[in-house]
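Report on the following structure.
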């Protein structure tokens, strides 16, 4: 009678950065090679005593936009996201399918939460761009990655191909027209940046599959309880396979893992599911054409 993939929203963390970068690329505000100086602490425009930091301490980093995604830098994402207005950022999150039910309209489905522009403070304004201060369901996250893998066109999520009745007749699922969210070029560039992330990021050895190109993004989100963030985490890996011509979007999330509280905890399951998808749908090996994008300058 229920399915958490539809009914249980959570703060997804950095898997949302894919939406942020796709929007920036679509608006022509960045390219994968855009250079940005990323400080260890970001305070510009924030209330006194507030700051945005990365998950690791560092001094100034000379990263490209691709490098920001590979390193999963919250600071770099915040700096780049300010190239779009708050209204634009909000509109893109909704265009990708957040803050609304999916087309499945599953029993007990949650729409998650993206704050209205007039209720968004200076901190949440930026943290939403890396998946904190907003919430989403796993189904919505899968929808985001479907858009990116589908050349920027959003197709409604469905659960079944149709229904066969006892008398043998067959009712097909309704047909839908896609809705363009970002350009094909912006979607392709985002996939390429995700592929570099999977190849050079922290979980590169956990998600690689010999003979296949993989595009992926990790997420490690703090869990808010009683109005404050504590030590609990929700960790995720989301991605596309094959990266050169995406056919399948995969999302894996672990809620409050006990022994490993980073996205590396979800990576083995993500890898196992990818291998099963490759086997089941007989995806041919693909190694040529992998992007070579700089991550530093």
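Residue numbers (the numbering used here): 583 to 879.
C-beta atoms are modelled at their ideal positions from N, C-alpha and C, and glycine is treated no differently.
Only a predicted model underlies this, so the values are computations on that prediction, with no experimental measurement involved.
In terms of residue numbering, what span does the alpha helix (DSSP H) encompassing residue i cover?
i, result
"residue 922", "With the chain covering only 583 through 879, there is no way to say anything about residue 922."
"residue 604", "599–608"
"residue 676", "668–677"
"residue 706", "706–709"
"residue 846", "Careful: residue 846 lies outside any alpha helix (DSSP H) and carries neither H nor E."
"residue 658", "656–663"
Which of helix, strand or coil does DSSP assign to residue i?
i, result
"residue 773", "helix"
"residue 886", "Residue 886 is absent from the model: the chain starts at 583 and stops at 879."
"residue 788", "helix"
"residue 781", "helix"
"residue 863", "coil"
"residue 697", "coil"
"residue 712", "helix"
"residue 612", "coil"
"residue 812", "strand"
"residue 651", "helix"
"residue 831", "strand"
From the options, pick the residue whose C-alpha is nearest to that of residue i; which is it?
i, options, result
"residue 716", "681, 742, 674", "681"
"residue 859", "848, 829, 875", "829"
"residue 693", "712, 718, 869, 729", "718"
"residue 611", "657, 595, 667, 832", "667"
"residue 741", "659, 685, 793", "685"
"residue 702", "663, 669, 632, 870", "669"
"residue 737", "759, 747, 588, 748", "759"
"residue 779", "619, 647, 613", "647"
"residue 875", "761, 766, 819, 772", "772"
"residue 764", "586, 632, 603, 597", "603"
"residue 821", "838, 813, 857, 842", "857"
"residue 676", "696, 789, 791, 781", "696"
"residue 805", "621, 608, 816, 798", "816"
"residue 726", "814, 590, 632, 597", "597"
"residue 595", "609, 720, 789, 761", "720"
"residue 735", "865, 608, 869", "608"
Just mark residue i as buried or exposed, buried being the case when its beta carbon has 16 or more other beta carbons within 10 Å.
i, result
"residue 776", "buried"
"residue 593", "buried"
"residue 655", "buried"
"residue 783", "buried"
"residue 690", "exposed"
"residue 711", "buried"
"residue 808", "exposed"
"residue 863", "exposed"
"residue 774", "buried"
"residue 707", "buried"
"residue 811", "exposed"
"residue 605", "buried"
"residue 838", "exposed"
"residue 795", "buried"
From what residue to what residue does the beta strand (DSSP E) around residue i run?
i, result
"residue 801", "797–807"
"residue 534", "Residue 534 falls outside the range modelled here, since the chain spans only 583 to 879, and no answer is possible."
List the residues that DSSP assigns as beta-bridge partners of residue i.
i, result
"residue 836", "817"
"residue 752", "746"
"residue 618", "645"
"residue 735", "762"
"residue 717", "695"
"residue 635", "623"
"residue 878", "645"
"residue 592", "718"
"residue 740", "Its beta-bridge partners do not exist; DSSP assigns none."
"residue 823", "830"
Is there at least one Cβ from chain C nearer than 8 Å to residue i's Cβ?
i, result
"residue 701", "Of the protein chains in this structure there is only one, and it is not chain C."
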